[in-house]
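The numbering of the sequence shown is the working numbering, which starts it at 75 and goes up by one. We treat Cβ as the ideally placed atom computed from N, Cα and C, and that holds for glycine. Just so you know, these numbers come straight off a predicted model, no measurement behind them.
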Amino acid sequence: MTEDAAGDPWRVTEKDFRAQVRTSRRTGRAAAVVTVATVEGSAYRRPGAKMLVPADGGTVGAVTAGCLEDPVVDLAREVIEAGRPRLETFDLMDSGDDSWGLGLGCNGVIDLLVEPLDASLDHPLATLADGEPSTVLTVVDSADDRHVGNRLVVDPDGTRREVSDREPVPGAVRDAVAGTVDRLHGTGEARTVAVETDGGSTTVLVDSLQPLAELLIFGSQNDLPPLAGLAADVGFRVSVHSPRGAVDEGTFPSADAVTTGHPSTVADSVRADEHTYAVVMSHNLVDDRIAVETLLTETGVPYVGLMGPRARFEELRESMAEGGEPLPQSALDRLSTPVGLDLGGGEPMEIALSVVSEVLAVSNGREGGRLRDHDGPIHPRMSDE
């Protein structure tokens, strides 16, 4: 966790949250996990957002804009003591009651799953750390209260897996939500599904978890640390591959991994193609050409950003053509140059913000335009079954 995030739950990223959950499990620290299950109306966080509430105080992350944190912490401590998950509904739409903090802009109905932290999350967290997706199914409401908290995990290949410390999701319920699971698996989306079986009504939270997005930066110059630091602050796993020696983790403290080697070895630093985004910024034409060519031909990373003006890219492309076969259009379509969004800034931090903003937009499947120019909701909403 970054130093800033350690003292401020509002700066906690998904990377920080997962690290703290793993630490709590490793050390035996009692805690509760709070997950946004459903939202109706306006809400600061979307379904799937999480907060960790350690029994010995403090919070990691946030699930609202500050409207519910105090009552949620109290509820989490009750759940830790009772040792049983529960679903709690908070209705913030009553304009005559400001006790939940409507003055903070909260105006919706939110269902929160609050559960003790236990071994049932160990396997999905390990899967995510390996760069693979995992989907967690949890019964949040049931005609039979004994089923609340039952859990099943879906592996990257679609295999359904029972987990420690929880009873499995009943087979009939699992079969009834199979279509939703298949559709959501690997998307990073979360939603609840209500089904009817011979055992009565059951509501399941289908929580599709993705590996952390990774930013691979190729370079070693002084403009790299601002980019690495900002990318880490917004939650990217940051790796740096330097074409020059004499660099290590101390050179780039914001990076999760630092490697050195010839530009042609940059592909070795790509852990998971689908979730990795690369920025090439060594400012050496030959090194950049080799790195770009390697990333576009030897990996499947969906995005390669190249620092520098268009004229420099044309020079680089001519150099590629002279060296052999030109890159196919399908490879060039993954290249973004000049890298970054048009924010108009020229200072190092402004340039870093421009680059990280574009990478973040691409990783979220967006173009990066102004929200006021978009019709409809800020985030896409999944239609009902």
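Restricting attention to Asp-322, Ile-364, Val-267, Asp-256, the CA atom closest to the CA of Ser-294 is found in Asp-322.
Arg-225: not part of any alpha helix (DSSP H); member of the beta strand (DSSP E) spanning 225-228, first to last residue. In the DSSP assignment, Ala-104 forms no beta bridge with any residue. Cβ atoms of Ala-136 and Pro-190 stay farther apart than 8 Å, at about 20 Å. For Thr-334, DSSP records a beta bridge to Ser-316.
Arg-318 and Leu-401 have their C-alpha atoms roughly 26 Å apart.
Going by DSSP, Ile-291 is part of the beta strand (DSSP E) stretching over 288-292. In terms of Cα proximity to Val-353, the closest of Met-381, Arg-363, Val-344 is Met-381.
Pro-300 places its beta carbon 8 Å or farther from that of Phe-326. At a Cβ-Cβ threshold of 8 Å, Leu-211 and Val-251 count as neighbours. Comparing C-alpha distances from Gly-309 to each of Leu-161, Leu-187, Leu-445, Glu-288 shows the shortest one belongs to Glu-288. Beta-bridge partners assigned by DSSP to Ser-194: none are found. Runs of the beta strand (DSSP E) lying entirely within the segment 205-254, each at least 3 residues long, are 208-216, 225-228 in chain order. Leaving aside the five residues that flank Arg-265 on each side, the residues in its chain whose CB is nearer than 8 Å to its CB run, in chain order, Thr-112, Pro-121, Thr-254, Leu-258, Leu-279, Val-280, Met-456.
Residue pairing by DSSP places Lys-124 opposite Thr-109 in a beta bridge.
Closest in alpha carbon position to Phe-387, among Gln-403, Gln-284, Asp-362, is Asp-362. With fewer than 16 neighbouring CB atoms inside 10 Å of its own CB, Ser-404 falls in the exposed class. In the three-state DSSP reduction, Thr-87 falls in the coil class, being neither helix nor strand. Of the other Cβ atoms in all chains shown, fewer than 16 fall within 10 Å of the Cβ of Glu-396; this residue is therefore exposed. Annotation for Gly-274: the continuous beta strand (DSSP E) segment containing it runs 274-283. A direct Cα-to-Cα measurement between Arg-384 and Ala-139 gives close to 42 Å. Pro-83 is the residue among Pro-83, Thr-101, Pro-145, Asp-148 whose C-alpha sits nearest the C-alpha of Ala-123.
Secondary structure in the segment 335-384: the beta strand (DSSP E) runs of 3 residues or longer, each lying completely within the stretch, are 350-354, 377-380 in chain order.
Residue pairing by DSSP places Ser-410 opposite Gly-379 in a beta bridge. In this structure, Ser-313 sits away from Ala-341, with a CB-CB distance that is not shorter than 8 Å. DSSP places Asp-144 inside the alpha helix (DSSP H), whose first and last residues are 143-156. With distances taken between CA atoms, Cys-141 lies nearest to Asp-165 out of Asp-165, Arg-160, Ala-129. Per DSSP, the continuous beta strand (DSSP E) segment holding Ala-268 begins and ends at 264-271. For Val-183, the closest of Val-110, Thr-101, Lys-89, Asn-438 by C-alpha to C-alpha distance is Val-110. In this structure, the beta-carbon distance from Arg-240 to Asn-224 falls below 8 Å. The alpha carbon of Gly-115 has as its nearest neighbour, out of Arg-160, Ser-238, Asp-185, Glu-348, the alpha carbon of Asp-185. In the structure shown, Asp-256 adopts helical secondary structure according to DSSP, grouped into three states. Straight through space, the alpha carbons of Leu-195 and Pro-412 are spaced by roughly 41 Å. Each residue's CA atom was taken as its position, placing Lys-89 and Asp-144 some 24 Å apart.
The residues Pro-317, in chain order, have a CB closer than 8 Å to that of Asn-358 in the same chain once the five nearest residues on each side in sequence are set aside. Straight through space, the alpha carbons of Val-247 and Val-267 are spaced by roughly 10 Å.
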